[in-house]
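**Student:** This structure is in structure tokens; I'll ask about it shortly.
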Amino acid sequence: VLDDVNDEKQIKYLMGHCKWYQGGSRIIITTRDSKLIEAIKGQKYILPQLNYREALKLFSLNAFNDSCPLKEFESLTNMVLDYAKGHPLALKVLGSDLCERDILYWEAKLDRLRSRSHGDIYEVLETSYEELSIEQKNVFLDIACFFRSEIVDYVKSLLNSHGVDVSSVIDDLIDKCLITLSDNRIEMHDMLQTMGKEISLKAE
Numbered sequence: 001v002l003d004d005v006n007d008e009k010q011i012k013y014l015m016g017h018c019k020w021y022q023g024g025s026r027i028i029i030t031t032r033d034s035k036l037i038e039a040i041k042g043q044k045y046i047l048p049q050l051n052y053r054e055a056l057k058l059f060s061l062n063a064f065n066d067s068c069p070l071k072e073f074e075s076l077t078n079m080v081l082d083y084a085k086g087h088p089l090a091l092k093v094l095g096s097d098l099c100e101r102d103i104l105y106w107e108a109k110l111d112r113l114r115s116r117s118h119g120d121i122y123e124v125l126e127t128s129y130e131e132l133s134i135e136q137k138n139v140f141l142d143i144a145c146f147f148r149s150e151i152v153d154y155v156k157s158l159l160n161s162h163g164v165d166v167s168s169v170i171d172d173l174i175d176k177c178l179i180t181l182s183d184n185r186i187e188m189h190d191m192l193q194t195m196g197k198e199i200s201l202k203a204e
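Quick note, the sequence shown lines up with residues 1 to 204 if you use UniProt numbering.
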């Protein structure tokens, strides 16, 4: 399985020579660029968005630590699901942001989502970035622009020099599903990295 591929060279490098594989072998490639699959003449399968029940469960696990919402949040939950449009990353990020928050916070969050003119996935994700503290924003952007896939202790050693408690900030970003740790390296979803880089460019 080749996950999150964005360059044809990655496929050629990781797959190696066809003689490496026996007849009947299957190679699964996940990518957001369908042209990559066309370039290698692969069979394309478009993963459908989550249906309502699946989206509700994923969101609830992140927002309520349960498979269904609290009764008093059912209506607000349905409104959030409408904005996430079945996108798993949006459901996780929004759910983590709303976890253990009161109804007033949920309503304010929905107001911010409504204020977005297009309501696409990047705008939904950007609302969670905007609610970060200055320190959290800075570390998030640093990771998006420079430190994705770097060893976490290395990142901490560099960013701690700025007088910020980076360990605490990184924990916060993990809790908000904006970054993850894998094999002691900081990882980030492609869409979140793209969003971070675009925000940095706009700030210049």
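Ideal Cβ positions, reconstructed from N, Cα and C, are used throughout, including at glycine.
Would you mind working out which of Ser34, Gly196, Leu50 sits nearest Gln136, comparing C-alpha positions?
**Tutor:** Gly196
**Student:** Anyone know if the C-beta pair for Leu56 and Leu81 falls short of 9 Å?
**Tutor:** yes
**Student:** Would you call the segment 62–72 and the segment 132–150 in contact, with 3 or more CB pairs under 8 Å?
**Tutor:** Result no; under three Cβ-Cβ pairs closer than 8 Å.
**Student:** First and last residue of the alpha helix (DSSP H) that includes Thr194?
**Tutor:** 190–203
**Student:** Leaving aside the five residues before and after Asn51 along the sequence, list all residues of the same chain whose C-beta is less than 8 Å from its C-beta, in chain order.
**Tutor:** Gly86
**Student:** Using DSSP bridges, identify the partner residues of Ile27.
**Tutor:** Answer is none; Ile27 lacks a bridge partner.
**Student:** Going by the beta-carbon positions, is the gap between Ala63 and Leu113 smaller than 9 Å?
**Tutor:** no
**Student:** At which residues does the alpha helix (DSSP H) containing residue 209 begin and terminate?
**Tutor:** Residue 209 is absent from the structure shown; the chain starts at 1 and stops at 204.
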